Structures are given as structure tokens and as C-alpha cells.
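The structure under discussion appears below in the form of C-alpha cells.
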Amino acid sequence: MLTGFLLFRLLSISKCVIVCTLSSSFISSNSFVPVRGDFDVLYSAVRISKSGIGSCFLLRLSVKWQKKVFEGIEIDVTLPPSVFKAQLYDLTGVPPERQKIMVKGGLLKDDGDWSAIGVKDGQKLMMMGTADEIVKAPEKAIVFAEDLPEEEQATNLGYSAGLVNLGNTCYMNSTLQCLKSVPELKSALSNYSLTGRGSDVDQTSHMLTVATRELFGDLDRSVNAVSPTQFWMVLRKKFPQFSQLHNGMHMQQDAEECWTQLLYTLSQSLKAPSSSEDPDAVKALFGVNLMSRLHCQESGEESSETESVYSLKCHISHEVNHLHEGLKHGLKGELEKTSPALGRTALYLKESLIDSLPRYLTVQFVRFFWKRETNQKAKILRKVDYPLELDVYDLCSEDLRKKLEAPRQKLRDEEGKKFGLKTNAESSSKDTTDVKMTDAEASSNGSAESSTVAQPEGASSEKETHMTGIYDLVSVLTHKGRSADSGHYVSWVKQESGKWIQYDDSYPSLQREEDITKLSGGGDWHMAYIVMYKARFVSM
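The sequence shown lines up with residues -16 to -1, 1 to 524 when you count with mature numbering (1 follows the signal peptide of the UniProt record, and there is no 0).
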């Protein structure tokens, strides 16, 4: 029941301003709310009820756009025309900035005054303008990553899954993640079968090779951490030292020992038949041939020998601050052996040079030594920097250096072109005469690139790839702690995309490249223990 009264005073017919005086308390229809007291309210716009009381602020217009006519569009003349344009945008899809609406005196402006424009109720307006293009529905339904099969999810991630720690197995997990990053090794494993193995491969070596192949496949197919249970069981069966217990728990082991033993096993299993050009896939990937000269200080006699190893050693002393310095120290040493001249054991000085290079060069930082006081392997914490790009040219034998010279020059020329520099071939061509050289003369001058040698019929015309002696860092295995048989191992692996991923057992995480070279030691943080470099090739 209405307990007050309304007194309407028409103050301006043109603007239709209404003053409402309300007295006492009233409860109105849906258009009002309860109020108390006597006061005046000046409404800039009001619509009191469905009957149209106060509707003098609202006008109904028609708008013609292209072949369409939009009837009965309500506008509030107290609001600027920009509001009206927004209404038209909803109806037509023509953005306000493109709308050209014809009114008296020209085009309708966003901040115009409706009373000055003189628009009347029921008036028809003309609008021009181009609507926004309607967004087409995708031809293929959107598929979210979590709805993909797990194998496709792993591919889209750009990196493989982590490995579950089965109890002090981080040494094994980090080793596996580093070796898995070598695609040529994965390819050799995928081609491995029981029938193709050599007769000298024992059953446990075969089982370990198969377990490695299966585990690498599981890592590629999964987005969740993979449990390496089967591999771990076979590894301990093949190498019982990894089964050592302490207080009922498996002990932490040396990652370098695990790395070396696994590569040795794979090298035996993955050997191809003797008729193959590459009988030892693992040796071709990781093997380094060393040519050593031995000199006996007592008798003066000298001898030479060759050996094949799967890693170089970076010896650490107070003089070593960089990996390259440590490698030089590692290629020199002393050993005792029987001297034919003296007829007894004597001290020999040994100096080695690299005589052949692998596709993947592995370097171990010799950070651990046996400490009698504690009866364990103690750790050298000294900081030793290592580069993202390693050049081992000066560590090679004279014969190998000669083989590397032409590819290295080709690499320098290619890199020089990127910076707009003149290549060696371009510079030397200005100094040559117009004397025609034979193919033999051209090749003897090292200009094989500029000479054309006829290919035998049916032979491939593709250029061969050549080593340059330059390597790029692709993985780092770090250790955190004071002893090789304790602490924690983690791997840092470069992906094909160029991104670095840290594998901390089950948890892979993205890392910045500049943080990788900070793992050089000098404290209790993660420090490089094993680094692996990939050879840089050129086509010639």
C-alpha cells in the first residue's frame, strides 16, 4: 500500500526533467525501492512503469544497414551516441569506428547531443560500414594436451620423462639420462637382437643390453617418471658391486664406474659382424685412440704404445683452473714397468696424444681420491671451468692434426660468411694466376672444394662429413656432496631444441644455458663430474 504521494512538476518539456517529491515511507511496484523521509530527486533518466510514465527519455529508432532493417531500437537520449553505436555493433558486427550514421547536419558523432540533432521517435536512420569478419570454426576440433595419448604427450613436451629413485640410485639414473641423449646409441640399441649378438656375449650382458633398450623406449613414451626396476636388477646381477648394502639399504655408488661398466657391456653386445665397416658401434661413438710415448729415466730407452679409452681424464691440481689445462695434465703421467735394459722394474714417463676422435667426447673430472683417515673417496672441491665449445686440436697427434686442417678451415670459412667476412678460398683466389691446374694439383693444394672430381658411375655424389676437432657440450653429470659414495647425482642434458633440462631423478626441469657452466665447483653446490661433448662436422 502506497503511504506517500508523488508530486510531478514538469520543469522542461524539451528535456523532460522530472522532480519527484516523496513523503513518508512507501513500497511501490517493481520500479521502486522503499525510501524514508521528504526529499527531491532529480532524475536524468527514469522509466517508472511499463505503462510508459517517464518514457519521454527513450526513443525508438529504425536503422537500415545494407539490405537489413533493424526496427524498434531503443535509445536513451540522456546518454551519448557512442552508447547507441555500441548497440548497433551488437546487432550488425560493424565496429563503432567504422559506423557512418547519417543524421541532420552530417554524420552522427560519438559525443553529439541528441536534443541538438533533433532525432524523433520512430525515425529511420541510414548506416554504412563493414562488419568484422566472422571467426570461422576450426576445421579440426581442438585437442588438449592432456587428452592426447601418453606417447604423443611426451613428444610434444620436447624432452623425456624422469627416472624413479629406487633407493640411492641417482648415480644410475643420471648416467642413463646422459647416455640416452645420444641418438646414435639409441639407434644401435633398437637394432639389437638376440640372434645378432656375438658368440662372446654372455647372457647377463645380453640381458643388460635389452634392459637398456627397453628402458630408453619407456622414457621416450612416457610423461610420468619411469621406474628402472628391471634395469637395476640386471645391472646388479652383472656387476655385484652395485648391490652393496649398509644398514639394510643399498649404498650410493660412483656414477663414473656405472658409466664405464655400462659402456663396456654395450660395446661387447653391439659389436657387428667382422665383415662390417663399423664393427664396434660404441667404440665409434665414444672411443678415443691414444698414442703414447714412454721414456725410462734410468736407462734412457723409449717405446711407444696405443690404447683405446672411452673417456679422457681432467686431473685437478692447484695449477688447474680450466678443463683444457686438466686434460693436458691427464695426458701425462708416470708408471712402473719392467725395463728390458735394466732387467727390473723402472719408472717411466708417459706422454699421450689423441690419434683418433670419437663422435662424443667424454671427460671425467678426477675429483675423488682415497682418503685413508676416513677410509672413503674424498672430494676435491676446487673450481675448474669448462666451456660450451671445446677445441682439442692441440691435444692431437701430428698426423691427426694434418687431417683436421682442411675441415677446420672450411668451418672457419662457413662461420666467417655468417658475419660477412671473406673466406680463405676467396682471398687466395686473388693471388692465383690464370694457369689451369689439374685435379691432382688442385687437391694437393688443399682446394678440393674448388675442384670437381668425376664420380664413378653409381657412386653417391653426396659430400662426406669430416671431424674438425671442435666439440659442443651436450650433457653434464654433477655431484653434490663430499664423497663419491654419498651425496647426490644429477644430470643436465641439452635437447634437440637447444634447451637444457635438469634430470633430478623423477623431476625434469628447464634450465638456462648460462647456468650450465656455473656447475664448475668451488663449494658444496652441484659440480661437474662427467661432461660429454658432441663433435662438430663439416661437409667436404
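Don't be surprised by glycine CBs; every beta carbon is placed ideally from N, CA and C. As the structure is a prediction and not an experimental result, all values here were calculated from the model.
Taking a C-beta distance under 8 Å as the contact criterion, M111 and K48 qualify as a contact pair. Under a 10 Å Cβ-count criterion, F215 is classified as buried, with 16 or more other Cβ atoms of the shown protein chains found around its own Cβ.
In the structure shown, E320 falls within a strand segment according to DSSP collapsed to helix, strand and coil. Between F270 and T346 the beta-carbon gap is near 6 Å, inside 8 Å, which marks them as a contact.
Bounds of the beta strand (DSSP E) holding I514 are 511 to 523.
In this structure, Y73 is the residue among K104, I101, Y73 with its C-alpha nearest to the C-alpha of E117.
Between the beta-carbon of S459 and that of S165 there is about 5 Å, and that keeps the pair under the 8 Å contact cut. By the criterion of a C-beta distance shorter than 6 Å, F54 is surrounded in its chain by V47, L75, once the five residues flanking it on both sides are discounted.
Residue pairing for V47: DSSP places it in a beta bridge opposite F54, L109. Taken through DSSP and simplified to helix, strand or coil, P167 comes out as helix.
In this structure, L315 sits away from L388, with a CB-CB distance that is not shorter than 8 Å. In this structure, R366 lies near I300, with their beta-carbon atoms less than 8 Å apart. Buried is the label assigned to L461, since at least 16 other Cβ atoms lie within 10 Å of its Cβ. Under a 10 Å Cβ-count criterion, Q161 is classified as buried, with 16 or more other Cβ atoms of the shown protein chains found around its own Cβ.
Per the coordinates, the alpha-carbon of Q71 lies some 12 Å from the alpha-carbon of Q83. DSSP, reduced to helix, strand and coil, places F270 within a helical segment of the structure shown. In the DSSP assignment, F349 falls within the beta strand (DSSP E) that extends over 344 to 350. Note on the stretch 442 to 476: whole beta strand (DSSP E) runs with a minimum of 3 residues are 449 to 464, in chain order.
In the DSSP assignment, W354 forms a beta bridge with K361.
Within the same chain, Cβ atoms closer than 7 Å to the Cβ of S287 are found at L278, the five residues on either side in sequence being excluded. Contact check for K334 and L319: beta-carbon distance about 6 Å, within the 8 Å limit, so the pair qualifies.
Rounded to whole angstroms, I57 and L45 show a C-alpha spacing of 5 Å.
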